[in-house]
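J.:
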Amino acid sequence: MSAHVLLFVLAALLPVAAAADETSAAEKPVAFNLIPKTVEAAYQKIRQTYGALYSIVDVQEDDLELTPPKLLSLSQHLSTIGEQQPAGDATVVYVIGADGTVLLPTLVHATDASVGASLVESAARSRYTPARYRGEPVTAIGGQQLQVRPQTPVPAQ
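The sequence shown maps to residues 5 to 161 in the working numbering.
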C-alpha cells in the first residue's frame, strides 16, 4: 500500500529580480515555486536544478492572484508501487508547464533506489491543470512525496 502526498504548499511572493539578477531575469522564463523554504531539501534542489533555466519566484500561501495547479491524472504506475517493492520513501520535485505537463522531474531523496525511480516515473506521467497567475496559465514548480509499505513481504536476499 502506498501513501502519496502532493507538495503544493505555497511559500513568499518576491519580485522576479529577487529570484535572479535584472539581466538574467529578462532572459529566462519565470517559474512560480510552490515549495516553501521549510521543506529545505526540496527547496534547495529546486534552486540547484531549475535556477539556471528559470527565474524562480516564491509565492505566499495567501497570494490570491495565483491559483495552484490541480492534479488531473496520476500515473496508473503509482497504484502498483508497494506490491513489488521494498518499504521506503521518496521525494521528487518537477516543473509543471503552462499546459499542465510535468517537465524535468528530479529526485530529491529516496531511501530505496527503486522507490525513487518509481516516483520519478509516476511524476513524469502525471498531468495537471496549469497554475494561473492573474487568470493566465503559468509555469510552476511543485513536488510529490511517496511512502511505500509493501502489501506482501519482500524475500530476503
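We put the CB at the ideal spot given by N, CA and C, even for glycine.
So what's G146 in DSSP terms, helix, strand or just coil?
T.: Within the sequence shown, numbered from 1, the residue matching residue 146 stands at position 142. It is a strand residue.
J.: Should T143 go down as buried or exposed, given a rule of 16 or more other Cβ atoms within 10 Å for buried?
T.: Here the question's residue 143 lines up with position 139 in the sequence shown. With 16 or more Cβ atoms within 10 Å of its Cβ, T143 is classed as buried.
J.: Going by Cα to Cα distance, which pick from V124, P90, T115 and R131 is closest to I100?
T.: For the purposes of this step, residue 100 is identified with residue 96 of the sequence shown, where counting begins at 1. The option with the nearest alpha carbon to I100 is R131.
J.: Once DSSP output is grouped into helix, strand and coil, what is the label at L70?
T.: One-based indexing of the sequence shown puts residue 70 at position 66. Three-state result, L70: strand.
J.: Output yes or no for whether 8 angstroms exceeds the beta carbon distance between G146 and P73.
T.: As a position in the sequence shown, residue 146 is number 142, starting the count at 1. As a position in the sequence shown, residue 73 is number 69, starting the count at 1. Yes; because the gap between Cβ atoms is below 8 angstroms, this pair is in contact.
J.: How many angstroms separate the CA atom of L18 from the CA atom of Y58?
T.: As a first step, residue 18 is located in the sequence shown; it is residue number 14 there, counting from the start. As a first step, residue 58 is located in the sequence shown; it is residue number 54 there, counting from the start. Note that L18 scores 30 on pLDDT, short of 50, meaning its location in the model is unreliable; the coordinates nonetheless yield the value given after this. About 14 angstroms.
J.: Within the chosen definition, does the region 121–140 reach the region 61–75 through at least 3 CB pairs nearer than 8 angstroms?
T.: The region 121–140, when compared against the region 61–75, does touch it at the 8 angstroms Cβ threshold.
J.: Determine the direct distance from the alpha carbon of D62 to that of P40, and round the result to whole angstroms.
T.: Taking the first residue of the sequence shown as 1, we reach residue 40 at position 36. Taking the first residue of the sequence shown as 1, we reach residue 62 at position 58. Whole-angstrom Cα-Cα distance: 8 angstroms.
J.: Count the other CB atoms, across all protein chains shown, that sit within 10 Å of the CB of L68; report buried if there are 16 or more and exposed otherwise.
T.: In the sequence shown, residue 68 corresponds to position 64, counting from 1. Answer is exposed; the Cβ neighbour count stays below 16.
J.: With a threshold of 16 other CB atoms inside 10 Å of the CB of R120, please say whether the residue is buried or exposed.
T.: In the sequence shown, the residue the question calls residue 120 occupies position 116. Looking at the sequence provided, one finds Gly at residue 120 rather than Arg. Buried, by the Cβ-count rule.
J.: Figure out for me which residue from D103, D116 and A56 has the closest Cα to the Cα of T95.
T.: Residue mapping note: residue 95 aligns to position 91 of the sequence shown, counting from 1. Considering only alpha carbons, the answer is D116.
J.: DSSP on R51, reduced to helix/strand/coil?
T.: Taking the first residue of the sequence shown as position 1, residue 51 is located at position 47. Three-state DSSP puts R51 in a helix.
J.: So, with DSSP's three-state summary, where would you put L57?
T.: Counting from 1 along the sequence shown, the entry for residue 57 is found at position 53. Note: L57 maps to coil in three-state DSSP.
J.: Is it right to say A56 is buried, meaning 16 or more other beta carbons lie within 10 angstroms of its own, or is it exposed?
T.: On the sequence shown, position 52 is the one that residue 56 refers to. The residue is exposed, with fewer than 16 neighbouring Cβ atoms inside 10 Å.
J.: Where does L123 sit, in a helix, a strand or coil, going by DSSP?
T.: In the sequence shown, the residue the question calls residue 123 occupies position 119. If DSSP states are grouped into helix, strand and coil, L123 belongs with the helices.
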